[in-house]
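A.B. asks: Right, I'll just put the structure down here and ask away after.
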Amino acid sequence: MSSQSPAVSGSTRLQVQMVSGLFGAVFLLVGILGFVPGITANLGSISFAGHHTDAALLGLFQVTVLHNIVHLLFGIVGMLGLRSRGLAKNFLIVGGIIYAVLWIYGMVIPMESMGNFVGLNTADNWLHFVLAAAMITTGFVFGRKSRG
Numbered sequence: 006m007s008s009q010s011p012a013v014s015g016s017t018r019l020q021v022q023m024v025s026g027l028f029g030a031v032f033l034l035v036g037i038l039g040f041v042p043g044i045t046a047n048l049g050s051i052s053f054a055g056h057h058t059d060a061a062l063l064g065l066f067q068v069t070v071l072h073n074i075v076h077l078l079f080g081i082v083g084m085l086g087l088r089s090r091g092l093a094k095n096f097l098i099v100g101g102i103i104y105a106v107l108w109i110y111g112m113v114i115p116m117e118s119m120g121n122f123v124g125l126n127t128a129d130n131w132l133h134f135v136l137a138a139a140m141i142t143t144g145f146v147f148g149r150k151s152r153g
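Have a look at this one:
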């Protein structure tokens, strides 16, 4: 018997794959909504990158084109996690680590500096902390192989 997880049908997907798909769907939605007027306040001021933007998803989370693209890419990879247990687990854990690094980065760099190339604000930073904790935790909890 192979130790690798083959692609599985919808009826036999593992919890880790479903969690990966859920995170992926949310990231895709957020990435798309970051370009929708009305849902993203001040969309006319959006810049490709950097802190020189007043665009804010839900009027709270500062976004740039780069930030939205990152969400879309995370969404695609998360959805691909529906195909295999290993990819799902890796997406959650590695993605969570990336968000933890982004949280630390956002806490360390001055908001108005050139170093803030993603376009982060305090709300983004704390959301990244929550995402990091949730993704890493679910990756380890649901990513364990069953003993049965």
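Residue 6 is where the sequence shown starts when you use this note's numbering, and the numbers rise one by one after that. A virtual CB, placed ideally from N, CA and C, is assigned to each residue, including glycine.
Name the DSSP beta bridge partners of residue 42, please?
C.D. replies: Against the sequence shown, residue 42 aligns to sequence position 37. Beta-bridge pairing links residue 42 to 45.
A.B. asks: Does DSSP put residue 19 in a helix, a strand or coil?
C.D. replies: The residue given as residue 19 occupies position 14 in the sequence shown. Three-state result, residue 19: coil.
A.B. asks: Would you mind sorting residue 53 into buried or exposed? The rule is 16 or more other CB atoms within 10 Å of its CB.
C.D. replies: Residue mapping note: residue 53 aligns to position 48 of the sequence shown, counting from 1. Classification of residue 53: exposed, given that the 10 Å Cβ count is below 16.
A.B. asks: When the distance is taken between beta carbons, is residue 124 closer than 8 Å to residue 72?
C.D. replies: Counting from 1 along the sequence shown, the entry for residue 72 is found at position 67. Counting from 1 along the sequence shown, the entry for residue 124 is found at position 119. Yes.
A.B. asks: So, residue 76 versus residue 135, is the Cβ gap smaller than 8 Å?
C.D. replies: Working through the sequence shown from its first residue, we reach residue 76 at position 71. Working through the sequence shown from its first residue, we reach residue 135 at position 130. It is not a contact, given that the beta carbons lie outside the stated cut-off.
A.B. asks: Near residue 83, which residues of its chain fall below 7 Å by C-beta distance, leaving aside the five closest residues on each side in sequence?
C.D. replies: As a first step, residue 83 is located in the sequence shown; it is residue number 78 there, counting from the start. If we look at residue 83 and ignore the five residues flanking it on each side, its Cβ neighbours are 25, 26, 28, 29, 32 and 96.
A.B. asks: DSSP state of residue 36, grouped into three classes?
C.D. replies: By 1-based counting over the sequence shown, the position of residue 36 is 31. Here residue 36 sits in helix by DSSP.
A.B. asks: Let me confirm a value: residue 63 is counted as buried when at least 16 other C-beta atoms fall within 10 Å, else exposed. Which label applies?
C.D. replies: As a first step, residue 63 is located in the sequence shown; it is residue number 58 there, counting from the start. With fewer than 16 Cβ atoms within 10 Å of its Cβ, residue 63 is classed as exposed.
A.B. asks: What first and last residue would you give for the alpha helix (DSSP H) that runs through residue 130?
C.D. replies: The sequence position of residue 130 within the sequence shown is 125, counting from 1. 127-148 is the extent of the alpha helix (DSSP H) around residue 130.
A.B. asks: I'd like to know if the stretch 84-92 and the stretch 101-120 are in contact, where contact means that at least 3 CB-CB pairs between them fall below 8 Å.
C.D. replies: Cβ pair count under 8 Å is below three, so no.
A.B. asks: If the criterion is Cβ atoms closer than 8 Å, does the pair residue 100 and residue 22 meet it?
C.D. replies: Residue mapping note: residue 100 aligns to position 95 of the sequence shown, counting from 1. Residue mapping note: residue 22 aligns to position 17 of the sequence shown, counting from 1. Their beta carbons are not under 8 Å apart, which means residue 100 does not touch residue 22 by this criterion.
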